[in-house]
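Chains as they are written, first to last, in our numbering: chain A, 1 to 223; chain B, 224 to 493; chain C, 494 to 968.
Backbone N, C-alpha and C define an ideal beta-carbon position, used for all residues, glycine too.
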Amino acid sequence: MSARDQVLGAIRRSLKRGALSGEARAAVEAHLREHPVNIVPARTAGTHEDRVRLLEQWAAFNHATTARVVAADVPGAVSDYLASNNLPARVVMAPDPALDHYDWNSRPMLERRRGLPEDADRVTVTGALAGVAETGTLVFASGPEHPTSLNLLPETHVVVLREADVVGPLEEVFTRLRARYGEGVMPRTVNTVTGPSRTGDVEQQLELGAHGPRRLHILIVRD
Amino acid sequence: MTRPPTSAAAPSDRPPGRGLTVGLFVTCLVDMFRPSVGFAAVKLLEDAGCRVAVPDVQTCCGQPAYNSGDRRDARAVAAQVIAAFDDFDHVVVPSGSCGGMIAHHYPALFDDDPAMRRRAETLAGKTHELMAFLVDVLGVQRVAARYDANVTYHDSCSGLRELGVKAQPRTLLASVAGLKLVEMANPEVCCGFGGTFCVKYPDISNAMLNDKIADIGATGAGTLLAGDLGCLMNMAGKLQRDGKPVQVRHTAEVLAGMGDIAGIGEPEAA
Amino acid sequence: MQSTAHAFKDNVEHALVDDNLQQSLALLKVGFSERRRQAVERLPEFEALRDRARDIKNHALAHLDFYLETFEAKVLALGGHVHWAPTAEDARHIILDICREAGARTVAKSKSMIAEEIALNNHLEAAGIEPVETDLGEYIIQLRREPPSHIIAPAVHLTKDQVADTFLEHHRKLGFDKRLSERGDLVAEARQVLRRRFQEADVGITGANFLVAETGSSMLVTNEGNADLSNTLPRVHIVLASIEKVIPTLEDAATLLRVLARSATGQEWSSYTTFNTGPRRPGDPDGPAQYHVVLLDNGRSGVLGTQMQDMLRCIRCGACMNHCPVYGAVGGHAYGWVYPGPIGAVLTPQLIGVEEAGNLPNASTFCGRCESVCPVRIPLPKLMRHWREREFERHLTPASIRQGLAMWAFLACRPALYRRVTGIANRVLALFGRVAGRYGWLPLAGGWTRYRDFPAPQRGGTFHAQWRARGGARR
């Protein structure tokens, strides 16, 4: 008997039934197909502006910083953020066409490279699939335009989030993922990131920047 | 906090418990070590208009066996309690632990005996911890008692988590003239008693008890109250071993105006 | 890991006099519970979410075979591999084979309790493959060759000074020869050291918080981001997960996530929650070329359908130990095996036998605080009591306790005799205790009187004797 049959057989013996069939099977298949929403926190209700404010509030709670900008000011906001944190004006950017909407040449002093991060890179700039107001969480989907390692390796991560991409609860992210990739389909990696990397492993005291970014800055771009 | 005492046990003229006969499950510890808790319960119930009866055929609720994994003996004792209290409309217990055993665990003891399980469920449904019975069932909001001291109150685990005893004793204590309740840091954390636990694992029990004693001490209260004699004997024994001048009493005693008798573990006047 | 659960009482004795441990536990006892309390206060739906979380896990367990097969089919369709491991040994072999095939010399490991359960590191090392723990706490205890003492905070028993000494000892050869005194510096040094190890690693091994049947995704929740580096940088990603981790849908995952971090650390959300689905896709600039999921049973299927099934709902948040006064007194190592605290007291006898771990379910006051905070409402005291019942049935309970219980039960079922015996005991204890009001020592009560006085009974006879004397009603 294969290991697979052994495990599945043991489960079925304990559950005192054979493989699911008939109505019982149809019911669980329907559950997967319909993926009903369970309980969504009321805090995510409200207007879109309420949600953007909620995102700002929880991002701050989770030690991220936020700024609201118009599209024309995105390159300037990145430069200013780097300067105010004594960081070099050099970034590695996701090869994301969405980032081409911004006029990076307006800040010629900001050195940019597109692609994977290298050891020397200290700052990443990426877009985001969505921002979750419920917890101030950013969502990044892996793909040609967004290497996962950009979210993880550099010390500082600047995220350009379009206001229209702010959603209420996490469930709305799943709706967007299904719309973009199909039912039951996910990109290789979906990172949901809430504030900078942290650890409490030394004396239960919070320290930022354990393995991932030490700083997470969110530029919320007005539509 | 210091409402003037009223002469009636309840706000209305007609005592809320008039006409009710209540069966008192005394508990083995109260029977053996501190009968005054039983008499305090009787007084509180009678003041509320109840008639109190104490069936003869009662010893213990069965927890020592039940918590040691001895289901058979626990069932034998439980069956005896169920028979003893069959005829009462209400059963009251001055202990959250024994009350929780009857109200929470008895039915599960008879999983394989539908007839007994039904009787156990009936008993469970009519069994109440004393404070919860007074406040939630009878609607008593105040008592006529005086106790001039700062007290702190420990929430015994079973009463708190199995029976929801939390606000009721505080409601009643708030009506005691001269009494000021000073809450300790973690009133809901176990004192380390745990029945046979405290003698099977005395070192762990002592570590837990030390934390509790420190929390009690930090309130500066001169009296410690709780609703379970096991926890009270545990904490009293430690306070006295450590030479801490804190009197230890069952909540019912203070509410019944019996706050002048010797505290737990203190010598009585000759 | 070699169990010392049988030596629980000795372990306790050491733990209670370990000053560093007690200092750490003093922080833990207030920190975690207070942060959880605040997080719960911020979310009015929390109790309803706990109910729903319990129901989701119960539903998943009742259809476990179906959801595992669905999950497997999804992973296979994406070019991933799924391996079924009935036993710990099977899982170790599977993982070792994958590592050998990949020509692995070092493995980046992200904290996994299942990996501890199957003692994976020892076996990798024995095969000449170096496992590098990358969660900071897990890394610290790996350097110290210690087991974790907490399921989400493995080095919670250590002080900053102990960490500093450990780093100096082990990092000196890497060129870090200064003894650090600031927490931030310790974290930064570990980051530097481990970054290199991530880059060298051929294989990344992670656990999984959940497996999502709907999409074939394995989910990882961390605060450091170490799991993400482990599953992004190495060429091969191995997910080691026990079978009860599978849940139906992404929506169900959302519900469980809402109770997980709040119960664990009192955070609103952990920093990193990641869904990994299959290997790197065409066009992906990074991610592992190979993706393996190892599904471990190790006795769990046998728990299904029994009165112990509730333990399989556990989502390993650690709330039960954070709120357990026994854990708070003795810490995690005293429990002697992988899982400490109340969930350990329930799981350990299941996984390594009640003969070995019988003390664990007994060392509880049944205070119920664990159950009151469990995000999936596992009735932990009830499960501990089941273990005590099994011990009793199998005559594993110590003879002295059995004899004491037999005597007690004999009396308790004979009220008249009971009255006579308690009447005598009451009078004797009241008489000799009348001056002090208590006893500093009593025969057969050493467990009590070692640490506390024993209150003497009030004078005047038992309650029942007095009630009879005053003619009180009996019915």
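1. What do you reckon, are the CB atoms on alanine 902/C and aspartate 296/B nearer than 8 angstroms?
2. In chain C, what lies closer than 8 angstroms to glycine 261/B by C-beta?
3. Between which residues of its own chain and tryptophan 941/C is the CB-CB distance below 7 angstroms, once the five residues before and five after are set aside?
4. Identify, in the order they occur along the chain, each residue of the same chain with its Cβ nearer than 6 angstroms to the Cβ of alanine 372/B, setting aside the five sequence neighbours on each side.
5. Going along chain E, which residues have a C-beta under 9 angstroms from phenylalanine 559/C?
6. Per DSSP, asparagine 702/C is paired with what?
7. Taking Cβ-Cβ distances shorter than 7 angstroms, what residues in chain C pair up with methionine 456/B?
8. Quick check on the DSSP output: what are the complete alpha helix (DSSP H) runs of length 4 or more inside the region 367 to 440 of chain B, in order along the chain?
9. Please report how far the alpha carbon of valine 202/A lies from the alpha carbon of alanine 706/C, in whole angstroms.
10. Distance check for serine 398/B and arginine 952/C, CA to CA, integer angstroms please.
11. Strictly below 8 angstroms CB to CB, what residues from chain B border glycine 953/C?
12. Any beta carbon from chain B within less than 8 angstroms of tyrosine 911/C's own beta carbon?
13. Would you verify that the beta carbon of threonine 282/B is, or is not, closer than 8 angstroms to some beta carbon of chain C?
14. What are the residues of the region 761 to 780 of chain C that lie near chain A, defined by any Cβ-Cβ distance shorter than 8 angstroms?
15. Out of curiosity, what's the CA-to-CA distance linking alanine 231/B and alanine 400/B?
16. Please determine if the region 596 to 610 of chain C and the region 706 to 725 of chain C are in contact, where contact requires at least 3 C-beta pairs separated by less than 8 angstroms.
17. Could you spell out where the alpha helix (DSSP H) holding valine 315/B opens and where it closes?
18. How long is the line joining the alpha carbons of threonine 229/B and isoleucine 439/B, rounded to whole angstroms?
19. With a 10 Å radius around its C-beta and 16 neighbouring C-beta atoms as the bar for buried, classify phenylalanine 925/C as buried or exposed.
20. Flag this pair as yes or no: are the beta carbons of glycine 792/C and tyrosine 784/C separated by less than 8 angstroms?
21. Could you tell me if proline 936/C is buried or exposed, where buried requires 16 or more neighbouring beta carbons within 10 angstroms of its beta carbon?
22. Would leucine 332/B and arginine 298/B qualify as a contact pair, given that the criterion is a beta-carbon distance under 8 angstroms?
23. Using a Cβ cut-off of 8 angstroms, which residues of the region 364 to 380 of chain B contact any Cβ in chain C, in chain order?
24. Count the C-beta pairs between the region 693 to 703 of chain C and the region 736 to 748 of chain C that are closer than 8 angstroms, then say yes if the count reaches three, no if not.
25. Between leucine 361/B and arginine 751/C, what straight-line distance do the alpha-carbon atoms span, to the nearest angstrom?
26. Report the partner residues of tyrosine 932/C according to the DSSP bridge assignment.
27. Mind listing the chain A neighbours of histidine 888/C? Cutoff is C-beta to C-beta under 9 angstroms, in chain order.
28. Considering only their Cβ atoms, is the gap separating arginine 676/C from glutamate 207/A smaller than 8 angstroms?
29. Just the C-alpha distance for lysine 653/C and leucine 636/C, rounded to the nearest angstrom, thanks.
30. Out of Asp293/B, Asp310/B, Cys284/B, which has the shortest C-alpha to C-alpha gap to alanine 302/B?
31. Against chain A, with Cβ distances strictly below 8 angstroms, would lysine 653/C count as a contact?
32. Measure the C-alpha to C-alpha separation of threonine 767/C and threonine 699/C and round it to an integer number of angstroms.
33. How big is the Cα-Cα spacing for tryptophan 577/C and alanine 288/B?
34. So is glycine 168/A buried or exposed if we call it buried at 16+ other beta carbons inside 10 Å?
35. Beta-carbon within less than 7 angstroms of glutamine 655/C's beta-carbon, same chain only, minus the 5 sequence neighbours each way: which residues are those?
36. State the Cα-Cα distance for the pair valine 74/A and alanine 130/A, rounded to the nearest angstrom.
The answer reads as follows:
1. As a first step, residue 902/C must be located in the third sequence, where it is residue number 409. As a first step, residue 296/B must be located in the second sequence, where it is residue number 73. Contact flag set, yes.
2. One-based indexing of the second sequence puts residue 261/B at position 38. Simply Phe956, Trp960.
3. Locating residue 941/C in the third sequence gives position 448, counting from the first residue. Excluding residues within five positions, the ones whose Cβ falls inside 7 angstroms are Phe947.
4. Here residue 372/B corresponds to residue number 149 of the second sequence, with the count starting at 1. Cβ within range, chain order: Gly445, Thr446.
5. Looking at the structure shown, chain E is missing, and the protein chains on hand are A, B and C.
6. If you number the third sequence from 1, residue 702/C lands on position 209. DSSP lists no partner for asparagine 702/C.
7. Stepping through the second sequence from its first residue, residue 456/B is reached at position 233. Within 7 angstroms Cβ-Cβ: Pro948.
8. 380 to 386, 390 to 396, 420 to 423
9. Indexing the first sequence from 1 puts residue 202/A at position 202. Indexing the third sequence from 1 puts residue 706/C at position 213. So the alpha carbons of these two residues sit roughly 36 angstroms apart.
10. Mapped onto the third sequence, residue 952/C falls at position 459. Mapped onto the second sequence, residue 398/B falls at position 175. For arginine 952/C and serine 398/B, the distance between alpha carbons rounds to 30 angstroms.
11. Translated into the one-based positions of the third sequence, residue 953/C becomes position 460. In chain order: Pro258.
12. Translated into positions along the third sequence, residue 911/C becomes position 418. Closer than 8 angstroms to some Cβ of chain B, the Cβ of tyrosine 911/C qualifies, so yes.
13. In the second sequence, residue 282/B corresponds to position 59, counting from 1. Chain C, which has a Cβ nearer than 8 angstroms to the Cβ of threonine 282/B, makes this yes.
14. Glu761, Trp762, Ser763, Ser764, Tyr765, Thr766, Thr767, Phe768, Asn769, Thr770, Gly771, Pro772, Arg773, Arg774, Gly776, Asp777, Pro778, Asp779, Gly780
15. Here residue 231/B is taken as the residue at index 8 of the second sequence, counted from 1. Here residue 400/B is taken as the residue at index 177 of the second sequence, counted from 1. The pLDDT assigned to alanine 231/B is 41, lower than 50, so where the model puts this residue is not dependable, and the model offers no usable value.
16. yes
17. Counting from 1 along the second sequence, the entry for residue 315/B is found at position 92. Run containing valine 315/B: none in the alpha helix (DSSP H); it sits in the beta strand (DSSP E), 313 to 316.
18. Taking the second sequence and counting its residues from 1, one reaches residue 229/B at position 6. Taking the second sequence and counting its residues from 1, one reaches residue 439/B at position 216. Only weak support exists for where threonine 229/B lies, its pLDDT of 42 falling under 50; the value from the coordinates is given anyway. Their Cα atoms are separated by approximately 30 angstroms.
19. As a position in the third sequence, residue 925/C is number 432, starting the count at 1. With fewer than 16 Cβ atoms within 10 Å of its Cβ, phenylalanine 925/C is classed as exposed.
20. Numbered from 1 along the third sequence, position 299 holds the residue referred to as residue 792/C. Numbered from 1 along the third sequence, position 291 holds the residue referred to as residue 784/C. In this structure, tyrosine 784/C does not lie closer than 8 angstroms to glycine 792/C by Cβ.
21. As a position in the third sequence, residue 936/C is number 443, starting the count at 1. Answer is exposed; the Cβ neighbour count stays below 16.
22. In the second sequence, residue 332/B corresponds to position 109, counting from 1. In the second sequence, residue 298/B corresponds to position 75, counting from 1. Yes, Cβ-Cβ distance for leucine 332/B and arginine 298/B is below 8 angstroms.
23. Cys380
24. yes
25. In the second sequence, counting from the first residue as 1, residue 361/B sits at position 138. In the third sequence, counting from the first residue as 1, residue 751/C sits at position 258. C-alpha separation (whole angstroms): 40 angstroms.
26. The residue labelled residue 932/C in the question sits at position 439 within the third sequence. Answer by DSSP bridge pairing, in chain order: Phe947/C.
27. If you number the third sequence from 1, residue 888/C lands on position 395. Here the premise fails: no neighbours, minimum Cβ distance about 27 angstroms.
28. On the first sequence, residue 207/A is found 207 positions in, with the first residue counted as 1. On the third sequence, residue 676/C is found 183 positions in, with the first residue counted as 1. A contact, by the Cβ cut-off of 8 angstroms.
29. Counting from one through the third sequence, the residue named residue 653/C turns up at place 160. Counting from one through the third sequence, the residue named residue 636/C turns up at place 143. When rounded, the distance between both Cα atoms is 15 angstroms.
30. Along the second sequence, read from residue 1 onward, the residue named residue 302/B stands at position 79. Comparing Cα-Cα distances from alanine 302/B to each of Asp293/B, Asp310/B, Cys284/B, the minimum goes to Cys284/B.
31. Against the third sequence, residue 653/C aligns to sequence position 160. With 8 angstroms as the cut-off, lysine 653/C counts as an interface residue toward chain A.
32. Residue numbering aside, residue 767/C sits at position 274 when the third sequence is read from its first letter. Residue numbering aside, residue 699/C sits at position 206 when the third sequence is read from its first letter. Straight-line Cα distance between these residues: approximately 12 angstroms.
33. By one-based count along the third sequence, residue 577/C stands at place 84. By one-based count along the second sequence, residue 288/B stands at place 65. C-alpha separation (whole angstroms): 42 angstroms.
34. Within the first sequence, numbered from 1, the residue matching residue 168/A stands at position 168. It counts as buried.
35. Taking the first residue of the third sequence as position 1, residue 655/C is located at position 162. Cβ within range, chain order: Asn513.
36. Counting from 1 along the first sequence, the entry for residue 74/A is found at position 74. Counting from 1 along the first sequence, the entry for residue 130/A is found at position 130. So the alpha carbons of these two residues sit roughly 17 angstroms apart.
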